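Its first residue numbered 4, the sequence shown is counted upward by one per residue in my numbering.
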Amino acid sequence: MLQNGLAKLQMDDYAGARVDFTSFMSQNPNSPQVGEAQFYIAESYFNEKWFEKAILEYQVVIAKYTKSSKRPASLYKQALSFEKIEDEVNANARFKDVIRNYPLSPEAKLAKKRLK
Numbered sequence: 004m005l006q007n008g009l010a011k012l013q014m015d016d017y018a019g020a021r022v023d024f025t026s027f028m029s030q031n032p033n034s035p036q037v038g039e040a041q042f043y044i045a046e047s048y049f050n051e052k053w054f055e056k057a058i059l060e061y062q063v064v065i066a067k068y069t070k071s072s073k074r075p076a077s078l079y080k081q082a083l084s085f086e087k088i089e090d091e092v093n094a095n096a097r098f099k100d101v102i103r104n105y106p107l108s109p110e111a112k113l114a115k116k117r118l119k
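Below you can see the structure in the form of structure tokens.
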């Protein structure tokens with residue numbers, strides 16, 4: 004189901020992708036990929052330019068799935084979402100979080116370039 008969701012995400016079927024990711028999460032609550040599925044739910048909203056909703060969904064990854072490999076990307080993409088809604092204070096705070104918590108990540112490098 005995770006793969007189906009990813010395929011739908013790539014085909015811009017964001018609502019369908021969210022259904023698959025949500026189903027995967029409910030059927031596999033202990034899977035290490037649950038955080039990844041949550042990240043892709045957030046991505047679907049980001050791609051639809053529904054940035055406020057994306058911010059909330061990235062926050063779930065950040066707060067609940069602290070060991071997820073998608074946490075640095077969630078912080079970074081949440082910062083980008085804040086930028087999109089012209090909230091520079093929160094955007095910069097999230098960019099700094101990425102740099103502080105994941106200094107060697109590709110997202111930290113990107114965050115340094117965007118920090119204002």
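In this text, a Cβ means the ideal position worked out from N, Cα and C, and glycines have one as well. In this text, all values refer to a predicted model and were calculated from it rather than measured experimentally.
Compare the Cα-Cα distances from residue i to each of the options and report the closest residue.
| i | options | result |
| --- | --- | --- |
| Lys-70 | Tyr-105, Lys-11, Gln-13 and Glu-51 | Tyr-105 |
| Glu-51 | Val-92, Asp-15, Ala-76 and Gly-8 | Asp-15 |
| Ser-108 | Ser-72, Ala-94 and Asn-93 | Ser-72 |
| Tyr-48 | Phe-24, Lys-112, Asn-31 and Lys-67 | Phe-24 |
| Tyr-79 | Tyr-68, Asp-90, Ala-66 and Ala-94 | Ala-94 |
Can you list, in chain order, the residues of its chain whose CB lies under 8 Å from that of residue i, leaving out five sequence neighbours each side?
| i | result |
| --- | --- |
| Gln-13 | none |
| Glu-86 | Ala-94 and Arg-117 |
| Ile-65 | Arg-74, Ser-77, Leu-78 and Gln-81 |
Taking only the alpha-carbon atoms, compute the straight-line gap between residue i and residue j and give it to the nearest angstrom.
| i | j | result |
| --- | --- | --- |
| Ala-114 | Val-101 | 7 Å |
| Ile-44 | Ser-29 | 13 Å |
| Ala-20 | Ser-84 | 20 Å |
| Phe-27 | Arg-103 | 32 Å |
| Ala-40 | Leu-5 | 7 Å |
| Pro-32 | Val-92 | 34 Å |
| Val-22 | Ile-58 | 19 Å |
| Tyr-17 | Ala-10 | 10 Å |
| Pro-3 | Ala-96 | Nothing in the structure corresponds to residue 3, since the chain is present only between 4 and 119. |
| Asp-90 | Glu-46 | 19 Å |
| Val-63 | Gly-8 | 18 Å |
| Val-37 | Lys-67 | 10 Å |
Near residue i, what residues of its chain come up, given a Cβ to Cβ distance below 6 Å and the 5 sequence neighbours on each side ignored?
| i | result |
| --- | --- |
| Ile-122 | Because the chain spans 4 through 119 in this model, residue 122 falls outside it and cannot be assessed. |
| Ala-111 | Val-101, Ile-102 and Tyr-105 |
Return yes when the C-beta of residue i is under 7 Å from any heavy atom of the ligand ADP, and no when it is not.
| i | result |
| --- | --- |
| Tyr-48 | Absence of the ligand ADP from the depicted structure is noted, as is the absence of any ligand whatsoever, leaving it without description. |
Give me, in chain order, the residues of the same chain whose beta-carbon lies closer than 7 Å to that of residue i; leave out the 5 immediate sequence neighbours on both sides.
| i | result |
| --- | --- |
| Phe-98 | Ala-82, Ala-114, Arg-117 and Leu-118 |
- request: Could you pull out every unbroken alpha helix (DSSP H) segment of at least 4 residues lying fully inside the segment 59-101, listed in chain order?
  value: 74-87
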